[in-house]
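Chemist: First the structure, which I've put down as structure tokens, then a few questions once you've had a look.
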Amino acid sequence: MQEITLNEQKKVLIDLLRYFDKFCKKYNIIYSLGGGTLIGAVRHKGFIPWDDDIDIYMHYDEYDKLRKYWKNSENIYMEDVYDRNCRYFYFLAKIYNKNYLIEDYEGQRCPFFLDIFIYDYIPNDIDLVRKTAKKIKFLRKLIRSFVKRSEEFAFLSKLCICCSKYLNKQLDKTLKNWRSTYTNNSCENIALFISECSEWNNSIMHKKYFSKTIDLCFEDEKYPCMNGYDEHLRKYYGNYMKLPPENQRVPKHSSKIYKLD
1 MQEITLNEQK
11 KVLIDLLRYF
21 DKFCKKYNII
31 YSLGGGTLIG
41 AVRHKGFIPW
51 DDDIDIYMHY
61 DEYDKLRKYW
71 KNSENIYMED
81 VYDRNCRYFY
91 FLAKIYNKNY
101 LIEDYEGQRC
111 PFFLDIFIYD
121 YIPNDIDLVR
131 KTAKKIKFLR
141 KLIRSFVKRS
151 EEFAFLSKLC
161 ICCSKYLNKQ
171 LDKTLKNWRS
181 TYTNNSCENI
191 ALFISECSEW
201 NNSIMHKKYF
211 SKTIDLCFED
221 EKYPCMNGYD
231 EHLRKYYGNY
241 MKLPPENQRV
251 PKHSSKIYKL
261 D
């Protein structure tokens, strides 16, 4: 395998985004560019020059549509946010390209990917949101711990698997109850409730800012972006149109990307 450059990484990511966009349009699935990718679309009409990933935002019901229709191809597949065997279980979903391998700072390897962050409706009771987010984060941590132990200790495997299945049901129940209670009809705000359990408060915004999408230019192509992108980005990042100091203009992931033979 051969390591590829940052510019080559961006070309691979654009191909992956193009594939994802085509699929979503085919099934009328709504999404938005998000995070640094959204900043890039607004400020640079493409990647932030030193950025090395692509972020996607989706409402949870649109993500459920994606799960319903998605079919893995020979080289591209999805890691479901609800799969407790996945590294990013109950955090974010990923779309992978198996032709490329990413190696992070811990030496762990996986196929190259783009990230999908999920928005949920939330009530005005921020204390309730905070408590529920902590509960989800705690249950997720416990489940991952049991899954890991079932892999490491054969004699505890059955017990750990049973425990993880029970906790997974509790987690599913918590989220199902939340989504049946807090809906578009009953709530004014949305947040990255499960995708950013530790920083979800930064993502809180009025639902009108992601009530529809508009097309913005990104690397010479048009992609959907939330209609209230300016309000969202100012809340999340502050003055996002101002470039950071030069010493901060570096890729945020200390990863190496390889093209497989």
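Residue numbers (UniProt numbering): 1 to 261.
Idealized CB from N, CA, C, for every residue including glycine.
Since the model is a prediction, treat every value here as computed from it, not as a measurement.
#1: Nearest CA to the CA of K11: which residue from N189, L139 and D220?
#2: Apart from the five residues just before and just after I76, which ones in its own chain have a Cβ nearer than 8 Å to its Cβ?
#3: Can you tell me the Cβ-Cβ gap for D127 and I190, rounded? I've got them flagged as a contact below 8 Å.
#4: What does the alpha-carbon distance come out to for the pair I161 and L139?
#5: Quick check: the Cα distance between V147 and K169, rounded to an integer number of angstroms?
#6: Going by other Cβ atoms of all chains shown within 10 Å of its Cβ, with 16 needed for buried, is Y166 buried or exposed?
#7: What residue range is occupied by the uninterrupted alpha helix (DSSP H) comprising D53?
#8: Could you give the distance in angstroms between the alpha-carbon of D172 and the alpha-carbon of P245?
#9: Would you kindly check if the distance between the Cβ of L142 and the Cβ of S150 is under 8 Å?
#10: Could you pull the start and end residues of the beta strand (DSSP E) that residue 343 belongs to?
#11: Which partner residues does P224 have in the DSSP bridge list?
#12: Please state the DSSP three-state secondary structure of E152.
#13: What's the call for E188, buried or exposed, on a 16-neighbour Cβ count within 10 Å?
#14: Check whether the stretch 36-55 touches the stretch 207-221, taking contact to mean three or more Cβ pairs, one atom from each stretch, closer than 8 Å.
#15: Is the CB-CB distance between residue 269 and Y182 below 8 Å?
#16: Would you list the residues sitting across from H206 in a DSSP beta bridge?
#17: Got a sec? Which residues, its chain only, sit under 6 Å from H232 by beta carbon, not counting five neighbours each side?
#18: In or out: L6 buried (at least 16 other Cβ within 10 Å) or exposed?
#19: Just to confirm my understanding: we take K256, look at its own chain, exclude 5 residues before and 5 after, and list those with CB closer than 8 Å. What are they?
#20: Can you list, in chain order, the residues of its chain with a C-beta nearer than 6 Å to that of L66? Leave out the 5 residues immediately preceding and following it.
#21: May I have the straight-line CA-CA distance separating R174 from I136, to the nearest angstrom?
Modeler: Considering the structure as presented:
#1: Looking up residue 11 in the sequence shown gives position 11. Restricting attention to N189, L139 and D220, the CA atom closest to the CA of K11 is found in D220.
#2: Position 76 of the sequence shown, counted from the first residue, corresponds to residue 76. Answer for I76: L16, Y19, I95, Y96, N97 and K98, listed in chain order.
#3: Here residue 127 corresponds to residue number 127 of the sequence shown, with the count starting at 1. Here residue 190 corresponds to residue number 190 of the sequence shown, with the count starting at 1. Going by Cβ atoms, the distance from D127 to I190 rounds to 18 Å, so no, they are not a contact pair.
#4: Here residue 161 corresponds to residue number 161 of the sequence shown, with the count starting at 1. Here residue 139 corresponds to residue number 139 of the sequence shown, with the count starting at 1. Going by the C-alpha atoms only, they are around 14 Å apart.
#5: As a working note, residue 147 is residue 147 in the sequence shown. As a working note, residue 169 is residue 169 in the sequence shown. The straight-line gap separating the alpha-carbon atoms of V147 and K169 is approximately 14 Å.
#6: On the sequence shown, residue 166 is found 166 positions in, with the first residue counted as 1. Burial call: exposed.
#7: On the sequence shown, residue 53 is found 53 positions in, with the first residue counted as 1. Careful: D53 lies outside any alpha helix (DSSP H) and carries neither H nor E.
#8: By one-based count along the sequence shown, residue 172 stands at place 172. By one-based count along the sequence shown, residue 245 stands at place 245. Going by the C-alpha atoms only, they are around 43 Å apart.
#9: Counting from 1 along the sequence shown, the entry for residue 150 is found at position 150. Counting from 1 along the sequence shown, the entry for residue 142 is found at position 142. No, Cβ-Cβ distance for S150 and L142 is not below 8 Å.
#10: Residue 343 lies beyond the residue range present for the chain, which begins at 1 and ends at 261; the question has no answer from this structure.
#11: Within the sequence shown, numbered from 1, the residue matching residue 224 stands at position 224. Paired residue(s): D215.
#12: Counting from one through the sequence shown, the residue named residue 152 turns up at place 152. E152 falls in the helix class under three-state DSSP.
#13: The residue you call residue 188 lines up with position 188 of the sequence shown. With fewer than 16 Cβ atoms within 10 Å of its Cβ, E188 is classed as exposed.
#14: yes
#15: What is shown of the chain runs 1 to 261, which leaves residue 269 out entirely.
#16: Mapped onto the sequence shown, residue 206 falls at position 206. H206 is bridged to N189.
#17: Residue mapping note: residue 232 aligns to position 232 of the sequence shown, counting from 1. Cβ within range, chain order: M205 and Y209.
#18: Counted from its first residue, the sequence shown places residue 6 at position 6. Exposed: under 16 other Cβ atoms inside 10 Å.
#19: Numbered from its first residue, the sequence shown carries residue 256 at position 256. E3, I102 and E103, listed in sequence order.
#20: On the sequence shown, position 66 is the one that residue 66 refers to. Excluding sequence neighbours, L66 sits near I29.
#21: Looking up residue 174 in the sequence shown gives position 174. Looking up residue 136 in the sequence shown gives position 136. Residue identity differs from the one stated: residue 174 is Thr in this sequence, not Arg. Distance between the alpha carbons of T174 and I136: 8 Å.
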